[in-house]
Amino acid sequence: MASPIVVRYRIAVLLLIAAAGAACRTAAVADARPPLLQAGAPGQPSRAVGAMQASDLSQVQYTGADIKFMQGMIGHHAQAVEMVALVPSRSSVDDVRKLALRIDVSQKDEMNMMREWLQARSQQIPDPRAHHMMGTTLMPGMLTPEEMERLAAATGAEFDRLFLEGMIKHHAGAISMVAELFATAGAGQTPEIFSYASDVDADQRMEIDRMGSLLKELQK
Amino acid sequence: MRSVAATCLCVSAVMLAVAMEGGAQQRAADPNDPRVGLKAGLRDAGEATRNMKRIASLPKPEGFFDPAKPGGDIIAPERDPNLPPLPPPDPNAPPNPAQANMLGFANSDLAFSGNHVFMGSFHGFTTYDIERPGKPKQSASVVCPGGQGDISVHGNLLFMSVEQTRGRIDCGVQGISTPVSVERFRGVRIFDITDLNKPKQVAAVQTCRGSHTHTLVTDPNDKANLYVYGSGTGGVRSGEELAGCSALDPDKDSNTALFSIDVIQVPIAAPQNAKVVNRPRIFADIASGAIAGLNKGGDSGPGTQKMSVTNQCHDITVFPEVGLAAGACSGNGILLDIRDPKNPKRLDHASDKNFAYWHSATFNNDGTKVIFTDEWGGGSRPRCRATDLPNWGADAIFDIVDRKLVFKGYYKMPAAQTEQENCVAHNGSLIPIPGRDIMVQAWYQGGVSVFDFTDSTTPVEIAFFDRGPIDAKNLVLGGFWSAYWYNGNIYGSEISRGIDVFSLTPSEYLSQNEIDAAMMIHADELNTQEQGKIVWPAATPVARAYLDQLTRSKGIQPERARAVKAAIDKADGLRTGKERGASVVLDQLDAVATQLEGDAVTATGRDTARLRSLAATMKGRAAKLR
């Protein structure tokens, strides 16, 4: 084993070398900007690119289909909020009430987000009560006025069943709206719409699962 | 240099802001929490911190933000309801180029290798040199959009997840407007980073749903290959674009891309040959083999018989040394046996009525607990308001008992946040403090929270950092995507603001000795979703950390604690184990350790393990010095 003195001497030399190296690197980096590169296809080299060109997302834009999706989903969510508003006075099942509260918080907040999104793009914000008007075409999965009346008139176990069945159908409609969006040329390309539509799909599928299990439990 | 000076000024300005705002604007949950009522701002937001310190920050690199709106879109204030309604949109109208993307430039996950941290982004990735953590330096940034840019490193290879339909094989920024295109890329990209100043894409493995996240898996029996578990949550693309992709229900197509994850095999010497080798049916019913085996409840609703239900994972964390993986898979938390990495097998699954969306998982170091997070609202919405329930959008802590999940408790960052702050449980990592389970976690604009979950039923917060919202009136997406411990510091990827580096400071909850023990753990590489077992050396800071813990829990007699401290101090005074009187000191270290082993027999709970670990550390230290 080397004597401690030799070891210390070696460390000192190494430190000097390291310090000198660090100084050189600092000097070199201080003058040069860090490289900004545009990657290429697999096997192709990356190449230097300017900041303006690198950040130019002008070709990835929302489309009319994205706008229609957001507008349609506001009305769709609005009905879900109307449905859950019936729960506290009609259901005594804790899990149903909890589910309703979650849908209420989530969908009201998502409606805000969709309104803001449309607003920022100077697009028309639909009246969330538009589906109550005569002759309005309902978005997929939405309950008809007759179905809503039947739900509102029900209580207890009958209400829980109608509510869960209705909300499963309602959610399934939202999922089909997402599928239609992604099947449309150019739609769902912007990161916001992609993420939101994917979230709607994932969240509502999961809630369908949960509601299905709940329905099964209640039927026992 | 200028930026460093600016940072210093900024810190003092912020401290001042915190001091001034201190008691003024408090409300709701805990009126004394300094995180409530912080001033808004992109670069000059108020900051609150406890038991940790921000030591450095760098803004986003050039090319990675919209020069016109560096913080992202500021959403217009509410439109006056008295104004006449806007005309209906023209579906054929050209898009408005003035509207930039808020998410297009978001920073995302972090991975570490040597003196570098790699920060993923929806727009590509950026490398930082962290040889001096207090003075990070930006190196190359690479443009390659597609989101989310979840990122991992292994040797000279870097992996990146791409899920969005705008993703291109050639990494172009222009997107793709047709529903079916040979130029589209969704899957896992592989870059060669041998030259950190010039990373190069070497492979792009296409998958049916793209890759929302991915996890590297090493096979101890197969050193030539690396495995990647790809989790896709986006829509399944058509078979016209990628052969073999089907979104049909399993009863219609047993080859459906739903109800699976992608297992990609990467030959390390030839990464260009990486390919999908399996799509294991981890949701299958174990008895019958039916592909859609979990949550069959969806079958019972009228009109839903053909409905595809929970069929995907959001993220998977592997712990190869214990042969386990934890999958956060939309409606379920699942536990997988990954001893054969190519063929993961489900051991157990859990569901939780308080959970909206199972997002990610973290094991404790023993592999006896797992924390799952609930990303309620997808991460872009405010879910930490005073009105949001504390067990929604939170962490759920499970014990693993006989390879099964047993629910124990919830943890949610406790300070109420505003409507303008997107906030929910997100990515974190363990902090390697021996004898305790401690995690640092990102909560988007809810900041960073460090908490102890040694007692899985009652987690306790021990440190935090938080900024005010980016904008005072509107929700502008931001905050910490990930916050991970790496070789002595905490690194946070801020969606809109850049990167922050923190250090822990001692407090009543965490001693300097415990921090010092954590600082001893050095990793050459860190991908948080690939956990490795931490083994602490038989060193003095580790022994002192255990001693502090035993003193805190009153798990050691004061007299014994003094004897331990004296024995450790004396051993520290030795230069070598051979010098005069050394053997007496080392014998004493051994003798006290043996007494501790005796104490452990009658001790209870965690103290038993800590007494044993302390004894083993002292004996190990004595053996090393001899």
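Top line first, the protein sequences correspond to chains E and P.
Residue numbers for the first sequence follow the working numbering, so the first one is 58 and each next one is one higher.
Residue numbers for the second sequence follow the working numbering, so the first one is 10 and each next one is one higher.
C-beta atoms are modelled at their ideal positions from N, C-alpha and C, and glycine is treated no differently.
Note that the structure is a prediction, hence the values are computed from the model and not measured.
- Nearest to alanine 187(E) by C-alpha distance, out of Asp217(E), Lys155(E) and Glu139(E), is Glu139(E).
- In the three-state reduction of the DSSP assignment, glycine 437(P) falls in the strand class, which pools E and B.
- In the assembly as shown, lysine 232(P) is an exposed residue. Its beta-carbon has fewer than 16 other beta-carbons within 10 Å.
- For lysine 69(P), no CB of chain E lies under 8 Å from its own CB, so it is not counted at the interface with that chain.
- Boundaries of the beta strand (DSSP E) harbouring methionine 169(P): 166-171, taken from the DSSP string.
- Straight across, the Cα-Cα distance linking tyrosine 495(P) with glutamine 540(P) is about 13 Å.
- Residue pairing of tryptophan 494(P) in beta bridges, as defined by DSSP: Ile499(P).
- When C-alpha distances from isoleucine 380(P) are compared across Asp258(P), Glu568(P), Leu112(P) and His435(P), the shortest belongs to His435(P).
- If you draw a 10 Å sphere on the C-beta of threonine 603(P), you find fewer than 16 other C-beta atoms in it, and that means exposed.
- Proximity of phenylalanine 127(P) to chain E, defined by a Cβ-Cβ separation below 8 Å, is not satisfied.
- In terms of Cβ geometry, serine 252(E) and serine 389(P) form a close pair [threshold 8 Å].
- Proximity of aspartate 581(P) to chain E, defined by a Cβ-Cβ separation below 8 Å, is not satisfied.
- Counting only the Cα atoms, aspartate 608(P) lies some 55 Å from alanine 149(P).
- Here the alpha carbons of proline 248(E) and aspartate 201(P) stand approximately 26 Å from one another.
- Interface flag for leucine 94(E) against chain P is set, since a Cβ pair is found closer than 8 Å.
- Taking a beta-carbon distance threshold of 8 Å, valine 182(P) counts as an interface residue toward chain E.
- Contacts between leucine 112(P) and chain E, judged by CB atoms closer than 9 Å, involve Thr247, Pro248, Glu249, Phe251 and Ser252 in chain order.
- Listed along the chain, the chain E residues whose CB falls inside 7 Å of the CB of aspartate 42(P) amount to none; the nearest CB is some 22 Å away.
- In the structure shown, histidine 358(P) falls within a strand segment according to DSSP collapsed to helix, strand and coil.
- One thing to note: methionine 422(P) has its Cβ no nearer than 8 Å to the Cβ of serine 369(P).
- Using a Cβ-Cβ cut-off of 8 Å, asparagine 206(P) counts as an interface residue toward chain E, since at least one Cβ of chain E sits closer than that to its own.
- A distance of 8 Å or more separates the beta carbons of isoleucine 232(E) and aspartate 256(E).
- DSSP lists Lys78(P) as the beta-bridge partner residues of aspartate 75(P).
- Between isoleucine 182(E) and alanine 229(E), the CB-CB gap reaches or exceeds 8 Å.
- Its Cα nearest to that of proline 145(E), the residue Ala157(E) stands out among His134(E), Ala135(E) and Ala157(E).
- Alanine 575(P) sits in a helix when the DSSP states are folded into three classes.
- The beta carbon of valine 601(P) sits no closer than 8 Å to any beta carbon of chain E.
- Assignment of beta strand (DSSP E) within the stretch 313-395 of chain P, counting only whole runs of 3 or more residues, yields 324-328, 333-338, 341-346, 354-359, 367-372 and 378-383 in chain order.
- Look at leucine 114(E): its C-beta is under 8 Å from a C-beta on chain P.
- Just measuring C-alpha positions, the residue of Pro68(P), Asp42(P) and Pro40(P) sitting nearest aspartate 53(P) is Pro68(P).
- Under the 8 Å Cβ criterion, the stretch 167-174 of chain E counts as touching the stretch 123-133 of chain E, having at least three qualifying pairs.
- Residues of the stretch 152-186 of chain P with a C-beta less than 7 Å from any C-beta of chain E: Val152, Cys153, Gly156, Gln173, Thr174, Arg175, Ile178, Asp179, Cys180, Val182, Gln183, Gly184 and Ser186, listed in chain order.
- For the pair of segments examined, the stretch 205-223 of chain P was found to touch the stretch 265-282 of chain P: the number of CB pairs separated by less than 8 Å reaches three.
- With 16 or more neighbouring CB atoms inside 10 Å of its own CB, methionine 234(E) falls in the buried class.
- In the DSSP assignment, proline 202(E) falls within the alpha helix (DSSP H) that extends over 202-210.
- It is roughly 13 Å from the alpha-carbon of glycine 507(P) to the alpha-carbon of isoleucine 479(P).
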